[in-house]
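Residue numbers (the numbering used here): 0 to 267.
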């Protein structure tokens, strides 16, 4: 069984021990953690099945949708208090789900091409650029080698070990460890223009460092006027819910438990 990062579980556990969590919500968060473990078990069972990979992929997406509904509705939307709904963006209970789900799609039974590769799958600090912080009047060990990294929500990467020195026998050397992200994805709940521009800059930096890299932008809701990504370094933008963000005047009614219950039928 492959070991994957658990960013969503980490957020659930952090929420459970938060001193800001309303007491009435604690049992629901505990139930959510149980649902999480069942979700992971169901996905592991799906990839272990002998059905074709396309059917496995379909099952995985169905399991994601079912779990997401439990989190969005049973835990957050139906909460008798308002803290979880109002703070869900800050505590990343919803956004972290897709971050945890993506690595499971890279299981060798679904993507057999990755089996022989020595790769890391999941969130990582990926290499962005390299420079030397030194001069003739200010010498530094190994030329003052520095690297810049960028947090990637999801990446298929390989570790890179760098060692530099001014001498061939590596006396007075420095060493750095980073990851080369050959495929990277940014995950957003609501994509606005500022986020799109930031993602474009990240994609440019990534492809400047690794010209063969691919960069994708995943968002649930679109919170901007649609813009073509063809003039940017972004390879593709995936709009997961295929919809614009709910209008602010409607969302305002969701800030209270009473308002959420009154609008639940239309929300679902």
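All C-beta atoms in this analysis are idealised placements derived from N, C-alpha and C, irrespective of residue type, glycine included. All values derive from a computational prediction rather than experimental measurement.
Bridge partner(s) assigned by DSSP for residue i
{"i": "residue 157", "result": "179"}
{"i": "residue 220", "result": "189, 242"}
{"i": "residue 38", "result": "According to DSSP, residue 38 bridges with nothing at all."}
{"i": "residue 144", "result": "131"}
{"i": "residue 264", "result": "Paired residue(s): none; residue 264 is not in a bridge."}
{"i": "residue 151", "result": "123"}
Short Cβ contact (8 Å threshold) for residue i with residue j
{"i": "residue 239", "j": "residue 218", "result": "yes"}
{"i": "residue 34", "j": "residue 69", "result": "yes"}
{"i": "residue 7", "j": "residue 90", "result": "no"}
{"i": "residue 127", "j": "residue 149", "result": "yes"}
{"i": "residue 121", "j": "residue 253", "result": "no"}
{"i": "residue 233", "j": "residue 212", "result": "no"}
Through-space distance from residue j to residue i, alpha-carbon basis
{"i": "residue 93", "j": "residue 108", "result": "27 Å"}
{"i": "residue 130", "j": "residue 17", "result": "41 Å"}
{"i": "residue 15", "j": "residue 225", "result": "38 Å"}
{"i": "residue 210", "j": "residue 264", "result": "48 Å"}
{"i": "residue 72", "j": "residue 216", "result": "25 Å"}
{"i": "residue 200", "j": "residue 184", "result": "13 Å"}
Closer than 8 Å to chain D by CB, residue i
{"i": "residue 186", "result": "Note that chain D does not occur in the displayed structure, where there is just one protein chain."}
Beta-carbon contacts of residue i that lie in its chain and below 7 Å, excluding the five residues immediately before and after
{"i": "residue 110", "result": "none"}
Own chain partners of residue i with C-beta closer than 8 Å, once the 5 adjacent residues on each side are dropped
{"i": "residue 105", "result": "113, 120, 155"}
Beta-carbon proximity list for residue i, same chain, < 6 Å, skipping 5 on both sides
{"i": "residue 74", "result": "27, 31"}
{"i": "residue 244", "result": "189, 220, 222"}
Discussion item. Using a Cβ distance threshold of 8 Å, determine whether the stretch 170-179 contacts the stretch 136-144, with at least three qualifying pairs required.
Written reply: yes
Practice prompt. Assess, as a yes-or-no matter, whether the stretch 76-88 is touched by the stretch 46-62 under the definition of 3 or more beta carbon pairs within less than 8 Å.
Written response: no
Discussion item. Three Cβ pairs or more, each shorter than 8 Å: is that satisfied between the stretch 183-198 and the stretch 158-165?
Written reply: no
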